[in-house]
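Following the working numbering, the numbering of the sequence shown begins with 68 at its first residue and continues without gaps.
Take a look at the structure set out below.
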Amino acid sequence: MARPLPDLSRLRPAGGKHSIKRDRILSTFLQQEGHSSADDLFDLVRRQDAGIGRATVYRTLQWMVEAGLARKVDFGDGRARFEPSYRHPRHFHLICTQCHESSEFLSSDVEAMVEEIAAARNFTAAQTLVQIHGVCEACRSGRKGAGAAAIGGTTAELVFARDALRIAIATERSGLEFYTRAATLTRDPRGRTVFQKLAGEEREHLSTLEARYRDLLAKDPDLESRPTFLFFKASGLFAEGAKQLRAGVDDQQALLIGIKCERGSHKFFKRYGERFEDSEGKQIFLEFADEERAHLDLLIGEYRALRERQTRSAASRRQRGRTIARAAKRRR
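Below, the structure is given as structure tokens:
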């Protein structure tokens with residue numbers, strides 16, 4: 068599938084002029100999947116334009132790294148490789164020290180740790196490389212095809228969509244548990260109705276996501292067993308919220324916990340969904356972000372309404388108290 072390209076006219080080296088050769092190299096590179104060495108890219112470019120020299124390809128690769136369009140990676144075999152970073156989210160690598168094959172993964176926990184450390188040091192990170200070196204299953208077992216082989220093309224998109232659906236389903240199940248429990252604990256009738264409504268929506272959405280997951284698996288008989296790419300723990304937000312409910316809270320606190328869970332979930336899915344290239348996985352993340360936003364708005368509205376009802380009720384009690392006090396004073 069052809070990758071959408073950036074506006075090349077905006078990408079110029081300092082003091083540089085428009086270069087048809089550089090744009091051709093860039094366009095060829097951004098259409099590739101996986102990791103290419105400078106020699107690999109040179110061979111591809113030469114098939115399209117025999118007039119482009121090796122030195123031009125090398126200089127353009129360096130410019131792409133500096134411009135943030137490419138990442139340079141080293142898998143320990145003596146050859147630097149490059150991968151597109153334009154509209155391709157930051158990810159990490161498992162690298163086998165024997166066969167030098169690599170497999171990619173994306174982890175929100177690793178990203179959060181990197182960002183936390185950079186923020187603590189007031190450090191602006193331009194590029195992050197996390198590489199885990201070891202021995203893959205195929206090399207350990209001697210069986211070809213074992214372990215997490217590299218995937219690409221349509222298969223990669225299916226794996227991405229599969230993992231996105233798994234995360235959405237896990238979050239939906241966690242949210243269903245949270246709202247079901249909140250509905251049983253809430254004393255305020257209106258608040259209870261809101262929690263019951265959200266539990267019903269979570270149940271309905273969960274059923275839809277599970278059906279979508281089954282349809283996706285039907286496209287590839289091996290999809291279920293393929294290595295995981297996305298390691299995300301968004302569902303932990305609602306799990307922590309359910310734990311707080313079990314500890315004992317009042318109606319207002321239950322709504323505030325729900326607001327915190329939905330706000331965190333919305334930000335999580337929107338943040339990562341906007342990083343991915345156009346794909347079914349991206350669509351799943353952004354659809355889920357919109358759903359969480361709607362739930363957040365509903366909870367915020369109910370929280371404000373509850374506060375208003377409580378304020379009016381308190382004022383009414385004070386007024387009744389003053390009325391009773393005046394009546395008692397008159398009787399004396």
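All C-beta atoms, glycine included, are put in the ideal place defined by N, C-alpha and C.
Note that the structure is a prediction, hence the values are computed from the model and not measured.
* Asked: Is the distance from the Cβ of Leu136 to the Cβ of His158 below 8 Å?
  -> Contact flag unset, no.
* **Cβ shell of Leu252 (< 8 Å), same chain only, five flanking positions each side left out** => Excluding the 5 residues flanking it on each side, Leu252 has same chain C-beta neighbours closer than 8 Å at Leu312, Val316, Ala321, in chain order.
* Asked: Is the Cβ-Cβ distance between Glu269 and Gly242 less than 8 Å?
  -> Yes; because the gap between Cβ atoms is below 8 Å, this pair is in contact.
* Asked: Taking the alpha-carbon positions, what's the Glu375 to Asp255 distance?
  -> Using only the alpha carbons, I get a separation of about 13 Å.
* **Neighbour-count burial assignment, Glu291, 16 or more Cβ in a 10 Å radius** => Only exposed fits Glu291, as fewer than 16 other CB atoms lie within 10 angstroms of its CB.
* Alpha-carbon to alpha-carbon, Pro151 and Cys203 -> The straight-line gap from Cα to Cα measures roughly 24 Å.
* What number of angstroms, rounded off, separates the C-alpha of Ala285 from the C-alpha of His160? -> Those two C-alpha atoms are separated by around 29 Å.
* Asked: Given a threshold of 16 other Cβ atoms within 10 Å of its Cβ, counted over all protein chains shown, does Lys396 qualify as buried or as exposed?
  -> Under this definition Lys396 is an exposed residue.
* Which of the three DSSP states, helix, strand or coil, is assigned to Gly98? -> It should be noted that the sequence gives Gln, not Gly, for residue 98. Correct three-state label for Gln98: coil.
* What first and last residue would you give for the alpha helix (DSSP H) that runs through Asp357? -> Segment 347-398, the alpha helix (DSSP H) holding Asp357.
* **Other residues of its chain near Arg379: CB distance less than 8 Å, five sequence neighbours each side excluded** => So the list is empty, once near-sequence residues are dropped.
* By Cβ distance below 7 Å, which residues in the same chain neighbour Arg330 in space, the five residues on each side in sequence not counted? -> Only Leu363 meet the Cβ criterion.
* Asked: What's the gap between the Cα of Asp357 and the Cα of Arg389?
  -> Distance between the alpha carbons of Asp357 and Arg389 is about 48 Å.
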